[in-house]
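In my numbering, the protein residues as written are 6 to 190.
A short write-up of the structure that comes next.
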C-alpha cells in the first residue's frame with residue numbers, strides 16, 4: 006500500500022523516476038541544497054539517482070503542488086535520532102526542502118503538519134525531531150510554526166559538504182502535538 010497525504014494545496018506522495026526533471030529544477034539552485042547540507046544537483050540524472058536512493062526511503066514524500074502537478078520539494082522522515090538511540094521511545098527526525106519559487110507561501114509548514122500527523126497516528130512515533138543549521142533562518146521559522154520546542158545545539162558534521170556546522174535541535178512530543186491539534190479545532 007502506498008501512502009499519499011493530502012493537504013489543501015499539496016499532494017505528498019512517493020517519488021517516481023519521472024519526477025527527476027522537477028527535482029532537478031529546484032535542487033540545482035544553490036540557495037536550496039547547501040543551506041540544508043547537500044550540494045546543488047548537477048544534472049537530471051543525478052536527481053534521478055537521488056530519487057532512487059535517498060528519496061526511496063519509507064516516509065519520504067514528494068511535495069506535489071496540486072494546482073500544477075509539479076514536484077516542488079521533499080518532506081519526510083530521515084531516520085535519525087539526534088539525541089541518541091532510545092528504544093523505549095520511538096522517534097524520528099523530519100527534514101524538508103522546497104524550491105525557491107515557492108518560498109514564503111507557507112507550503113513547508115503545511116507539508117510538515119501533514120507528516121507530523123502521519124508520524125504520530127500511523128507510525129506510532131512518540132517524539133519527532135527537527136533541526137536546522139545556524140544560518141538557516143527560514144527553517145527555524147518553519148520549526149517554530151509547527152510547534153517544536155528547542156532542546157539543544159551542537160556542532161555536527163555536514164559530510165556532503167565537508168564542513169562542521171552548529172546545529173539546533175527541536176522536538177515535538179505526541180502529547181504536545183495532540184494539544185496543538187485539539188487547540189486548533
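Quick reminder that beta carbons are idealized off the backbone N, C-alpha and C, glycines included.
query, result
"Identify every residue that forms a DSSP beta bridge with residue 10.", "17"
"Can you give me the C-alpha to C-alpha distance between residue 97 and residue 10, rounded to a whole angstrom?", "18 Å"
"Could you give the first and the last residue of the continuous beta strand (DSSP E) run that contains residue 52?", "Note, residue 52: premise wrong, no beta strand (DSSP E); alpha helix (DSSP H) at 49 to 57."
"My output table needs one value for residue 182: the three-state DSSP class, helix, strand or coil.", "helix"
"Taking the alpha carbon of residue 51 as the point to measure from, which residue in 71, 25, 74, 113 has its own alpha carbon closest?", "25"
"Over what stretch of residues does the alpha helix (DSSP H) that includes residue 45 continue unbroken?", "From DSSP, residue 45 is part of no alpha helix (DSSP H); its letter is neither H nor E."
"Could you tell me if residue 113 is buried or exposed, where buried requires 16 or more neighbouring beta carbons within 10 angstroms of its beta carbon?", "buried"
"According to the Cβ coordinates, are residue 125 and residue 99 closer than 8 Å?", "no"
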